[in-house]
Structures are given as structure tokens and as C-alpha cells.
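Chains V and S are the protein sequences, given in the same order.
First residue of the first sequence: 1, per UniProt numbering; consecutive thereafter.
First residue of the second sequence: 1, per UniProt numbering; consecutive thereafter.
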Amino acid sequence: MMKEELETTNRPDNTAFTQQRLPAWQPMLSAGIVIPGFVLIGLAFIGIGVALFITSQNITVLEKDYTGVETTSDCYKCSNPSDKNCTCKLEFSLSTLFEGPVFFYYGLSNYFQSQRSYGASKDEYQLSGDLDYFKTPISACSPYQYDANQNPIVPCGSLANSMFNDTFKLYQIVNGTKKLVPFDGKGIAWWTDYNIKYRNPSVTPLKNAFNGTVKPSFWSKPAYELDTSDPSNNGFVNQDFLVWMRRAALPDFRKLYRRITEGDYARGLPAGNYSLEIAYNYPVLSFGGRKKVVFSNVSWMGGKNQFLGIAYLVVGSLCVVMSMVMLIVYAKFKFPEDD
Amino acid sequence: SALSILANLTHVICAFGRDERRVDSRTIYVGHRPCPATDTFIPPKFCDNRIVSSKYTVWNFLPKNLFEQFRRIANFYFLIIFLVQVIVDTPTSPVTSGLPLFFVITVTAIKQGYEDWLRHKADNEVNKYLVTVLEDGRRARKESEKIKVGDVVEVVEDETFPCDLILLQSSREDETCFVTTASLDGESNHKTHYTVPDTEKGLESLSATVECEQPQPDLYKFVTFFSLCVVSLRSLGPENLLLKGATLKNTQKIYGVAVYSGMETKMALNYQGKSQKRSVVEKSINAFLLVYLCILVSKALVCTTLKYVWQSQPGQEEPWYNQKTQKEKDANLYLNMFTDFLSFMVLFNFIIPVSMYVTVEMQKFLGSFFISWDKDFFDPEIQEGALVNTSDLNEELGQVEYVFTDKTGTLTQNSMEFIECCIDGFQYKNRDSSTELDGFCVTDGPVSMLQQKAGREEEELFLRALCLCHTVQVKESTGQEDWVGDQVDGVLGLDGEMVHPAELRGFIASSPDEVALVKGAMKYGFTFLGMESKNMRVMNRDKDVETYELLHVLNFDPVRRRMSVIVRSKCGDIMLFCKGADSSIFPRVRQEEVDRISMHVERNATEGYRTLCVAYKLLSSEEYAQADAGLREARLALDDREEKLMAVYNQVETGMSLIGATAVEDRLQEEAAETMEALQRAGMKVWSTCYACRLFQRGTELLELTVRTLEDGGRRREERLHEVLSAFSFSPRSWTSAKQDYGFIIDGATLSLVFNSSPDSSHYKSLFLQICQNCTTVLCCRMAPLQKAQIVNMVKNSKGSPITLSIGDGANDVSMILEAHIGIGIKGKEGRQAVRNSDYAIPKLKHLKKLLLGHGHLYYVRIAHLVQYFFYKNLCFILPQFLYQFFCGSSQQPLYDAAYLTMYNICFTSMPILAYSLLEQHICMEVLMSNATLYRDVAKNAMLRWSPFLYWTLLGVYQGLLFFFGVRFLFSNPALQDNGQVFGNWSYGTIVFTVLVFTVTLKLAMDTRHWTWINHFVIWGSLAFYMFFSFFWGGIIWPFLRQQRLYFVFANMLRSVSAWLVIILLILLSLLPEILLLVLRKPRWPHSRQVRYTHI
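1) Is the Cβ of V329/V closer than 8 Å to any Cβ of chain S?
2) Is the beta carbon of L529/S less than 8 Å from the beta carbon of R537/S?
3) Let's test the definition: count the other Cβ atoms within 10 Å of the Cβ of Y951/S and tell me whether it reaches 16, buried, or not, exposed.
4) Using a C-beta to C-beta distance shorter than 9 Å, which residues of chain S count as neighbours of G100/V?
5) First and last residue of the alpha helix (DSSP H) that includes Q113/V?
6) May I have a chain-ordered list of the alpha helix (DSSP H) segments no shorter than 4 residues that lie completely inside the stretch 571-618 of chain S?
7) Can you list, in chain order, the residues of its chain with a C-beta nearer than 7 Å to that of P216/V? Leave out the 5 residues immediately preceding and following it.
8) Closer than 8 Å by beta-carbon distance: list the chain V residues that pair up with A975/S, in chain order.
9) Nearest to S205/S by alpha carbon, out of V565/S, E135/S, S261/S?
10) Please list, in chain order, all residues of the same chain as S1056/S whose beta carbon is under 7 Å from its beta carbon, the five residues on each side excluded.
11) May I ask which residues mark the beginning and end of the beta strand (DSSP E) holding I273/V?
12) Within 8 Å (strictly less), CB to CB, does D132/V reach chain S?
13) Please say whether I278/V and C75/V have beta carbons closer to each other than 8 Å?
14) Would you tell me roughly how many angstroms separate the C-alpha atoms of E91/V and L97/V, rounded to the nearest one?
15) Using CA coordinates, which residue listed in D897/S, Q885/S, H865/S is at the minimum distance from Y916/S?
16) Using a Cβ-Cβ distance under 8 Å, would E4/V count as near chain S?
17) DSSP three-state label for G660/S, please.
18) Would you report the Cα separation of P94/S and A120/V, rounded to the nearest angstrom?
19) From what residue to what residue does the beta strand (DSSP E) around E213/S run?
20) Looking at F1050/S and F1031/S, is the spacing between their C-beta atoms short of 8 Å?
21) According to DSSP, what are the bridge partners of E99/V?
22) In whole angstroms, give me the CA-to-CA distance for V201/V and R247/V.
23) Within this structure, are the beta carbons of S1058/S and M301/V separated by less than 8 Å?
24) Below 7 Å CB to CB, which residues in the same chain sit around Y282/V once its five sequence neighbours on both sides are set aside?
25) Taking the DSSP output, what are the residues bridged to Q427/S?
26) Whether or not the stretch 379-396 of chain S and the stretch 355-371 of chain S are in contact is what I'm after, with contact meaning three or more pairs of Cβ atoms, one per stretch, closer than 8 Å; do they touch?
27) Is the beta carbon of L241/S sitting closer than 8 Å to the one on V196/S?
28) What are the boundary residues of the beta strand (DSSP E) that includes G256/S?
29) Taking any Cβ of chain V, which residues in the stretch 375-403 of chain S have a Cβ under 7 Å from it, in chain order?
30) Count the other CB atoms, across all protein chains shown, that sit within 10 Å of the CB of V1062/S; report buried if there are 16 or more and exposed otherwise.
31) Rounded to the nearest angstrom, how far is the Cβ of Q427/S from that of E417/S, given a contact under 8 Å?
32) Give a yes or no on whether the minimum CB-CB distance between L1054/S and chain V is below 8 Å.
33) Please decide whether P238/S counts as near chain V, where near means a Cβ-Cβ distance under 8 Å.
34) Starting from M324/V, find everything on chain B with Cβ-Cβ shorter than 9 Å and list it in chain order.
35) List the residues of chain V whose Cβ lies closer than 7 Å to the Cβ of T325/S, in chain order.
36) Could you tell me if T953/S is buried or exposed, where buried requires 16 or more neighbouring beta carbons within 10 angstroms of its beta carbon?
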């Protein structure tokens, strides 16, 4: 008796933790919880799936390839890479109103923006306006680091060099005359890219910052002339440039080109005939690529994507079916329940 | 004389040998005084007395420690990966693998550095300890490390010896001193050591040489010649050597000459780390690692191949938008392929994570605390709990298939009680509770009173034999009685009411049996009073004191298994008393005597008593003279002394007459039988190295294979053995089908027959093993320590290499403990050697049940889950990265950001699994303990075999595919925001990664059966931390980063409803099969909650 009362330093602490007796919740998934749970989850998923599916169905998408592979295509004439400053037309007609706001994307396929060396080939310090890196771009930009005369290239690197340079003009044919559909080039790039991540050097005029540098070889005009009409859309914060610099994940991708939000077209593209004038500059046939334009409106879930709705429907029904199966199994074998 | 010639010869040989530098002995000049008679005095060079147990110095710490760490294959692998990242242009920065590696290396280095610092401190304490050394007659204080071989050192009571000394002078009158060697071999009893005879004259002027063998680690072997300047020569043995580390007791002070110093002392030579045991789980990990390494290499190969196949397509080799640099163009194609291969290896190397090693180590280290913290292991008697010597084997405790237990002190309490004796065939029993009536003889009442069946003559002879034939010392009562309680072996006082209170005395002996016997004799009226300068004093029944001169002690050894003394009585009769195991005595006495006694011995043995036979022999003076000469000669022998002694012993111990036998009971430890039964129900096979402890459950059929059964036929043993073994193994009994349990009994002699009889030995061995493996219980009685280890080794290396566990408490179990996969020491009465050599030490046998069935089972489940989970989570982590290579032109583009790659295993998913692996109780402790059969569920590495591994791997593949392709289909239209903007590759990776982190964490949550607040905290905390980190990481332009890849990627992702929906969908879909399995799997054990309530 005496000995038991004797507390010594050797005696292990009698705490719940040291004795592995912490109060614990021991969940047991019982049929009573799981079957209703599955039904609920299944129903919720089916609900979401239906909503997604319907939303996706309601999104209108107009997709047109303009690579010019087929001889019938107007752009066939431009598909020869030696042909500079070629313009071609893509005509289409809408039978009903294309509800707005309409988003205008260009799409490239078999184009690997996701390649590592390609993606790494840029100088982020340069792009954040650091003038030191205008003189000596990072070596990752090679072979677009310096030109043949050892002048630094700004913006350097393959990624910037290969910026998409087809331009588009959309006309509605109203009574035989072409009516320009105004494009909105703002708000196509991420807000943070435009406002924080990419910066022009704080030199006015911007052109002076580029003294002693050369433009990327593929570009027709230097960075400071990307949008001469709007200084806030020029240089490295040009939104087309920003969109291009955000690398696509997959080799078949689309990028936002313009939004149609203004004027008569704020509600959408009315029914009628349209003509898209394309300044065909960007060569893709050499690597088997394709170019396309996509008109689409978007919903709360983004662009049209049937996959999500269908997946939700499938998984939801799967849950419901499984709960049925479980119900049958339980009814048949009647596992003893712990409560 | 012959001796001095021999000595001179030895001198010559030694001197010769020294010159030739083939020294197998060393010459020491006591007090560094040369012997005038010897030729030139060459002061010999010996190492100093510095003890160095530390591994590193300040200077070599870094290189040496790094070298040792990188010898570990895993560390080396990660180092290679790191170097590849530094040298080759790889997708991820060297930081991603360098940082974790640096962390691991640093933590390990700090830990090892700290441990070494402690060792340095301990070394310094020993080395700087001040000792007194006699220098030219003056006493001088010196630091211990400055002692040189040949110095005469003074040691006072309770000091430890600073080096190995030869005892020259003692303050005790009888020229002895007492030491305890508790820190050396764990034996805390007092051992008597003797001074070198004839050195009484002043030490200042003593000039002598010591001729001793080169240092060797055997503590019990020491052969030396001591010569007082050629004149006289003495041979010295271990009884003259005081070992460093031993402590002087009961002696005021002694002087000794240093013979071995520093790292050459026997203690230092014995201080060799045990070889490290590796657990089966670790072997499984290595096997899995190999699989993953193959996966890794094949992934890298596939990707490299793909890259070059893809590049060979027109236009893809070098599309205009992504032109190669001049350097790349110039590079050799094959070199490019190789560097690409390496790059892919680096990209996918996260599949074998550094952090798994860290987590496993941490789990083991922290987990072992729960064993030492467990208050159920606390024994109030010795005021100690369990001790964990290695944390590497926690999970192995859940895998034990064979338990080898020692009997004495392990199954039993090792407190001996004299039960009965048998004199001349008549039984004498002195026990109140004796209800047992057998046909032989019945005794009622103390022997001394009545029913004297044997003649008084025989009786007294027997009792005298018990009083004389031992090495027990009487503890002089010094008034300080409290040590009695601490004295491990000791015994202490008596409980019999017949004892005169004044004679309350303590006996000190190396084995409790001896004390029990002396006490037994006391009960019958013969009291051993102690030694008085070579005279043993015995008080007989008539209260007269008889004295016997002790002439020789023929020590006990485990091979002979007997000991003898030769004494001369007052009237000049020289007698030899011998006691020993029946098997070692019976062949040396007359057969008719054996017949009278053997029955009693048998019966006592089957009842589980320890039996000893006592024999005696009257020596004529010629016989004695011959024996005396033989013994002296053998003791002087420098070579093969052991063998020579043995031969003389055997020669002397013949032709004796058997006078009786004793039975000493060693009571079973509390709950020993229950524990053993539980272990058996848990599917373990229990092998005991001694007889009869209710190991056999009722209904067990016994198969016996002992010397007795072999000799039944009267034929050659080998023939019988063959016959019996074959009969057992080929008998119509079908081992598997029958519900019958079998028990098997074999003894040491038969075992050695099995092991090394004939050329057929291996055949016997396999037969034997086959029989044993089909028995639930095997008893191996009368085993030598080495045989125990042999048996363990045999089972360990048998088919299927079962996990063995040895449990023992004494030095004789150490070999067995070291041999088995897990060695368990009982903190018993036989000192600490077993505990020190064990992997785990527990106070009592009964604790084994909780250790194995509770802790072992849980640790196994925990670590098995930990390992599988780790492989799984890294598979589904890296698989999308691999799949992404098909969509980025096999360009080694990482799918996830570098921060995610690094942090995934370190921060986001490490804590929940660590908490799980420390706290999980899928079945709570009480149920595990009360339901021993649950142990069988995890037997044979059930959770780490290939089928569960395959399951986890498939799960990982399924989820990895789901993560990647789910997001892939979502990204068929990358416009995922309601403002029509598109997501890029980092958004893709971040969505996959978010799904991944949530899925693997929730998967663990689903597996957790035991949710403590810690589990809640780390699981939800990890997820919250992931969210927080991602926001933070993407919310700031990091000044030290060139690439702000993830800037606002996470926030933008959360703005997209589609991203949310796809994340939820994928998490649910990837967990769906798991949930289904969980629900449909019938619970196999009672729900733990109920049991816990009923317990409270």
C-alpha cells in the first residue's frame, strides 16, 4: 500500500497523452449515415450537374479555322510563309442574336507554349521594368538574348519573340456596307499582370528606355510601339502581350483577343452577315499547327465546357446508384449496427 | 626447479619475441624499477590511460560526420540528385532537393554532435579524475589519464579502478579485496580478489616484473606471470586482476600495478557497439523503394524516348518559336539524351522523398517514448518502468512469431526457496502446505525431528556437503543493514522460525541457488558461519563449530555444470564434495545410487524445481597429492589453461558416491502463465529454454526427445535419434488438419546430438525444425548459453525467416538476446547485462503481453500505414507531372511550382501522417490485449506485403490519372472565369495540386480511426496552412525570386466557380472507391468505444 502511494521521479507521468488515452472520436461509417449521405451527395451533384449542363448548353460558340490549309479557304493564299502582309477574309453569318458580351478568342493548336525551355526564355526583371536587364538580359533568353550585333533584345526570349501577331477586324455587313464592330482590348489580361507584375520602366517617353536595344526579331515593331494610341496599353503592359506571356497549359489552346462590349454590339452580335478581316502574319504550318478564331459568350462558369456538367451528372447518379446497392446489401445481410 | 626453468625460458622467449616484434605478451616493470638481474632495461612503450569513447574531434567532425551520413544509401541518392541539379540544366532548382537534404543532414549532424559532446564530457570526467600514484615511495596525485603502465596506484573504498590493475596489497588482513563489477558485466555481487602472494614487503622497494599477455577483451581470462626479480615466480589469474570500471568494496584501500591502460583495458576492449538490428519493415521499405526506383527510371526513360521520337516529327525538332541556342545545337546527341534523362530523373525524383526517411525516423524516435512512458510497465518494486534501447524495432514487436524465453528470472522470480532434499533415496520435505502424497515416501514435520529414514550418518554428511560445497560468503554485519535491500543477489536473513535471531545473517553469492541451499542446510541444523582464513566454519546440529580447511575450489562452469570443493577436516580427512546437474553427476557415481535417487530427481524436475545432485568422495593423501599437483600445474599453465584445468577437474571428480539431491523452487512470475497463454493465442510459438512452466495448455500432446527417451532402447543414441525424429515427423498425425496442439521437449544433450552428431546433421536439423515448427510450445531444457543462441539462429534462418524474440534476464541470455531479431531484457535480479544488451527492457515478464499485443501491434499498423501512405501520396503527386510531359513536348516542364514541389512532403502532407503514425489506435489497447487473436491479423508482415502495396499503388495511379485528366478535360476550354480570361499552365498545376493535397489528406482522415484533438489539429491545420500558404505565396512579389510564376494564380483560381467545382468533383471521385470499401467491409472486431466504456 505504502509503495503505491510513493510517487517517485521514475514513475511515468500519468497523463492522457503519455498513456495514449487522449479522448478520441472514433467515427464509424455506418449504413445509417452513409446511405442517406450518398443519396444527398448524389442529388446535390445531379443538381449541380443539371445546372452546369444547361448553362453550358446556353453558351454559344462560334469557332472558325483560318489556317488556310483547304484551298477553298480565303486564307489559303496567305498560308505561304514568304507572303508578307497578307490579308484574308473569313465570312460567316448569324441567324440569331449572338448574345453578348461576346468574347473573341484566337486559338492555336499543336503549339507547345508549355515547353520548358520556351517558358523559361524570358527575363522577368526586364519585364518588370528594371533597366539594368535591358542592357544584359538573362542568358535563359538565348538565342534571343542578343542580336547578331550583340545588341540586347528587349523584351528578350523566345516567349516574347513569338508573340501572336495576327490582327483581326470584324465587320458586320449591313446592306452591303461594312460596319466595324468595335473591339474592346481592355480587360483581356489578368488584372494583376497588368497592374503589378509587368511594369514599364519609368522613363518618359517610353521609347528612351529602349535606347541601345533592339526589338525581337520576329516583331514588326518595337515594344514601345505596341499600342501607340494608349500609353497605358503600351510596352510591357500591352494587354495582347500580357495574354501571350501567360503560357497556355496545353498544346491546343485559346487566348482572349478582344471583347465586344461596346456600342450597338453591347448586347451581342445581331443576326446578319459578318466578315472578319485577318492580317495573316503568324506562321503555324511549319510545325503542323492550326489557327482559329472563336466567338463565345461566357456564363458564371466561364466558357462552354460540357465536361463538367456531364461529370457531375455521372458522379451524382453513381452516388445514388451506389446508395441503392448498399441499401440492398444491408437489407439482405443486415450488419449488426453499433447503435 | 622446473618452474624457474620454465620461467626463464618464458623470459627468453618473450625477450626474443619482443625484439622480433612478434609480441604476444608484455613485460611490465612494477613501479618502473628495472630488475637488476635482467639485462638492459628498455622502458616499454604502452598507450596512455586516456579513454576515448567519442567519435569526433572539433577538427574532424564535419568531414567525418558528413562522410558517415552520405554512406547511407538514401542520403547518397539525394546528394547525387542534388549534384545533378547543380551541374545539369534541370527543370527544378537545386534548392528543391538541396534544402530538404540540408535540413536532414544538419539535424542528424546536430544530434550526433550533441551525443558526441556528451561522450567527450564523460571521457573528460574519467580522464581528469584524480588518482593517487606511488612515485618513488611518495604518494602523488595525478590525473587518471596520466597513469602509465607499471605505475603503482592506490584505490580507496567505493572508488572505481582507473585502469586494469594487478592487486599487490590490500588493507584487509586476509590479503583480499572485494569488488563489484556491476558496470562491466552487471553482476553486483561482491567478488573476492587476491593479492599477489609474497609481496608483503614495502611497495617502495618492490621490484618485480609482470609478464602478461597482450590485451584481450575476455573479462574472465587473464594469464600472467609475476616474478620478483627472477627469484620467485607466481602465476596469476583473473582473481588477481582488478578491472577498470569495477568498484572497490568493503576494503579500505588497495595498491595495484597498472597492467593495461586506456583503450587497452578490458572494459574499453569490451566497449564495442552492438551490431545494429534492422527491422523487417525496413526491408519492405527497401523493396518498395526498389520498385519506385524502377518506376522512376522507367518514367524517365519513357519521357526521354518520347522526347526524341516526338522531336523527330517534322517541325517539332525545333519549331521557329522555340529555337535552340547555339550551344544546344553543337552538343552531342547522346550527351543530350543523357542529360535529358537526368533531368527527367530530377523532375520525378520526388517520388522517392527524403522526408519519408525523416518521418520514419521521427516516428520511431518519438513513438518509443510511449513505451517508456507507459505506466503499466512501471514496477513499484524496483521503481522503474520500461527501457527502450533502440527505437528501430518498435514495429517488429507486432511481428513476433517465435518467443524464446529463459526460465530463471524471466518466467520465474529468481527467488529461490529450498523445497526438499533427498538423502540416500529418502525424501525430506519441509513445507507446511505439503498436501501432496506420493507413493514413495511421506514426510510430515521437519526432518530434524523425526522420521529419519536415512541413517544419521548419511544425513549429516549430506548437510555438511551443502554447507561446504559452495562459494557463498557471509556478509559481516556492519550495522548498515540497508544495503541488504538493494543487494541484488542477496539474501537476507532467514524466515524459518528455527533460526536463532542472533544468527540473522546475509549471504552473498553469485547465484541465488547457492544461498537457497545453504539456507536449506540451516533449516536442518547445519549453519555455515563463514570463512576464516581458508577455514570454513560450520555449526552442526549439536551447536558445535566444525572447521574445515578449504584446499581447492573447482569452480562451476556451464560446460561441466558442476562444482566441487576439496576440504580437509579437523581429523585430517580430505574430502571432495561435488554438486551439479544430474546429467553431469550421474555418470560419475555408482549406478545403484543413481537408481535410488534418479526417480526423485526426475519428479522434481518435471514439477519445475531446479534439482542438484550432491556427491562426495574421500581422498587418500596420495590421491590428494596427485590432484593438488595437477591443479597447481594446470593453474600455472600459460597456454590452454582452461583445457588443462578442465582435464584435471574431470580427473578428480570421478568415482564419487552420490549422497543426495536437492530441489529448489523458483516460483513463476506473476501472470507468467497467462502471458504465455495470451502469446500463444496470438499465434506466437513459445520456446522456453527450461522445463515445465505451465506452458502446456490442457490437451496438448507432448512429444519428448531427451537423453532419457533416447536411452530407453539401450541402443546407440544416434540411431534412436534418427528413429524418434522420423517417427515424430512422419507419423500419421497430420500437423495441419488436426486441432490438436503439440508440445515438444528436448534437452541440451540431445540438441547437441542433433546439431553436430553425424554427417546427417543437416538432415536431423531440418527434421527437428519441422517438428518444432508444428508445435505450439517447445521446451529446451538444460541449455548452455551458446546453445540457446544456436536454437534462435536456427529458427531465425529457417524457411520464411520468422521474426524471433528472446527474453531473458541474465548474462547467460545475452547471446540469445543478441541473436534474436528482438532482444528483451528483464530488469531482474541477475544484474544488468541482459538489460544493457537488449533492445527493450521491461521489469516483469507479464509486461511482454502489453508490449507485443498492445504496443507492438499498434506500432506495426502505424508504421505500415505510414510507409504505404508515403509511397501512395508521392505516386499520385508525381504521376500528373509525368503525364504532363505528354502535353509539353516532353520538355521536363514541371507541372507544379517549385515551392509546391518542395513543400508538399515537408509541410503540406507530413504532419497528419506523423500524427497518425504516433496516435492511431485502430483498435484500442484494451481490445488488443483482451483479444489476443487480433495479433494474427498483422502477422507475417500482412500490411506490407505485395498485395497491399499493389492496392496502394493502384490507388495512387487511379487518383493521379484522375487528377490530371480531370483538369485536362476542364482545360479543353481554358476560359474558366466569368470575365472570359484564360488560365495558363501554372493555374493548371495549382488546381491539380490543390486536389492532390486535399485528397491525400482526406484519405488519411478516412483511415484515421482514432481522432484525438491532435489529429484534428494537424489534419485541418495542414489544409488551412496549404490555403494560407498558397495565398501568401501568390500574394506577394517576392523580391528574391526572379520568376513570379504563381503571382495571384491561387487567388484567381478561387475566383473561378469551375475550378471549385472540378476540385470538389475530383476529390469526391478519387475517394469514392475508398468510401465504398470502408462501408462494405464488415467490421471484424467489436467496436472499441463499447469496450472502453465497459472498462471505465
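We put the CB at the ideal spot given by N, CA and C, even for glycine.
The structure presented is a predicted model; accordingly, all values stated were derived computationally and were not measured.
Straight from the coordinates:
1) yes
2) yes
3) exposed
4) The contacting residues do not exist; G100/V stays about 11 Å from chain S at best.
5) That residue, Q113/V, is in no alpha helix (DSSP H); it is neither H nor E in DSSP.
6) 582-585, 591-606
7) Y144, I153, P155, A160, N161
8) F103, Y105, R254, L256, S296, V298, G302, G303
9) E135/S
10) L976, Q977
11) The identity of residue 273/V in the sequence shown is Asn, whereas the question assumes Ile. Its beta strand (DSSP E) spans residues 272-280.
12) no
13) yes
14) 16 Å
15) H865/S
16) At E4/V, the pLDDT of 43 sits below 50, so the modelled position is not reliable and the matter cannot be decided from this model.
17) strand
18) 16 Å
19) 209-213
20) yes
21) G268/V
22) Strictly speaking, residue 201/V in this sequence is Pro, with Val absent from that position. Going by the C-alpha atoms only, they are around 23 Å apart.
23) yes
24) F164, N165, D166, K291
25) C422/S
26) yes
27) no
28) 253-260
29) K375, F378, P380, Q383, E384, G385
30) buried
31) That pair is no contact at about 17 Å.
32) no
33) no
34) Protein chains V and S are contained in the structure displayed, whereas chain B is not.
35) S142, P143
36) buried
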